[in-house]
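Mind the numbering: the sequence shown is residues 6 to 189 in our numbering, read in order. Virtual Cβ for every residue (Gly too), placed ideally from N, Cα, C.
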Amino acid sequence: MKKETDLPPVKIIIEKTNVLKPGDLEDLCDATEAAIKEGGGFGWIDVPPRKILENYWRGVIAIPERELIIGRLDNVVAGACQLIRPSKNNEAQKNSCILTTFFLAPWARGYGVSPKLIAFAENQAISNGFSVITLDVRETQHRAIEIYEQNNYRKFGENPFYATVSGKHVKGIYYYKNLYKNGN
Numbered sequence: 006m007k008k009e010t011d012l013p014p015v016k017i018i019i020e021k022t023n024v025l026k027p028g029d030l031e032d033l034c035d036a037t038e039a040a041i042k043e044g045g046g047f048g049w050i051d052v053p054p055r056k057i058l059e060n061y062w063r064g065v066i067a068i069p070e071r072e073l074i075i076g077r078l079d080n081v082v083a084g085a086c087q088l089i090r091p092s093k094n095n096e097a098q099k100n101s102c103i104l105t106t107f108f109l110a111p112w113a114r115g116y117g118v119s120p121k122l123i124a125f126a127e128n129q130a131i132s133n134g135f136s137v138i139t140l141d142v143r144e145t146q147h148r149a150i151e152i153y154e155q156n157n158y159r160k161f162g163e164n165p166f167y168a169t170v171s172g173k174h175v176k177g178i179y180y181y182k183n184l185y186k187n188g189n
């Protein structure tokens with residue numbers, strides 16, 4: 006893995022977006038395709054046709070309970086994550102949101118984008134009144150697990166039948182972070 010000190014300086018921008026700027030949809034799809042090919046496709050195993058990816062990202066923007074957070078490296082979309090709010094009738098979980106579809110294109114790794122995406126998502130969650138973030142990840146996504154644990158996410162469960170990849174079950178790991186008690 007590249008070390009940040011070995012890389013040229015870059016401009017990193019993390020932002021919540023409700024509207025994709027010109028070129029963003031293409032960049033987002035390109036980054037998604039690269040992440041899927043590397044095994045980090047937040048549910049996808051094979052790269053779907055471009056139209057499906059475009060429709061997926063347009064749909065994310067249209068769903069009121071989802072907040073799309075994108076990370077740019079030198080003004081190119083390099084990765085993203087989403088916060089999902091509970092439905093309005095879910096009073097029991099109104100203080101908890103879900104961090105999902107977190108990914109970074111392989112070419113953007115090592116520049117420090119992932120920690121900035123997580124910090125931005127956490128601050129966004131706090132500003133929306135959430136005190137807890139939950140997430141889940143396939144056991145095969147070692148770097149993602151490492152990043153979550155480095156950012157004080159606590160493992161609280163596993164599902165041995167979480168996903169099926171190449172005809173085999175892959176375990177899923179579940180995490181939470183209490184945003185008001187430093188992750189404990």
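* Where R148 falls: helix, strand or coil (DSSP) -> helix
* Asked: Can you name, in chain order, every residue of its own chain whose Cβ lies under 6 angstroms from the Cβ of P111, other than the five neighbours on each side?
  -> A39 and E43
* Asked: Would you report the Cα separation of V175 and G48, rounded to the nearest angstrom?
  -> A direct Cα-to-Cα measurement between V175 and G48 gives close to 12 angstroms.
* **Residue environment, F108, which counts as buried when at least 16 other CB atoms sit within 10 Å** => The residue is buried, with at least 16 neighbouring Cβ atoms inside 10 Å.
* Own chain, CB closer than 7 angstroms to V52, minus 5 neighbours either side, in chain order -> E38, I41 and K42
* Take the Cβ of P120 as the centre, count every other Cβ of all protein chains shown within 10 Å, and call the residue buried at 16 or more, exposed below. => That one is exposed.
* **Same chain only: Cβ atoms within 6 angstroms of R90, ignoring 5 sequence neighbours per side** => E70 and C102
* Every unbroken beta strand (DSSP E) within the segment 11-66, with a cutoff of 3 residues, ordered by chain -> 17-22, all fully within the segment 11-66.
* Where G177 and E163 are concerned, what is the direct C-alpha to C-alpha distance, given to the nearest angstrom? -> 5 angstroms
* Excluding five sequence neighbours on each side, which residues of the same chain lie with their C-beta closer than 8 angstroms to the C-beta of C34? -> R55, L58, E59 and W62
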